[in-house]
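In the UniProt record's numbering, the protein residues as written are 1 to 64.
And the structure:
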């Protein structure tokens, strides 16, 4: 399943790395692309959207 989420708090590449690391915890095999310029995170994952959003929120990057 591919999800595309907006993460307004993502400001730089360090934020993108933090987001990637947080998502790898819930799905180690996920393919994640985080773009600080557009604030978009694209995730190809087996985890549910709810689990992904909870992981982002727990890392300090709530998604919409």
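In this text, a Cβ means the ideal position worked out from N, Cα and C, and glycines have one as well.
Computed from a predicted model, the values in this text were never measured in an experiment.
Here residue 4 has 40 and 42 as same chain residues with Cβ atoms under 7 Å from its own Cβ, once five neighbours each way along the sequence are excluded. Closest in C-alpha terms to residue 28, from the list 45, 12, 57 and 36, comes 45. Per the coordinates, the alpha-carbon of residue 62 lies some 19 Å from the alpha-carbon of residue 31.
The straight-line gap separating the alpha-carbon atoms of residue 53 and residue 38 is approximately 18 Å.
DSSP lists 5 and 34 as the bridge partner or partners of residue 41.
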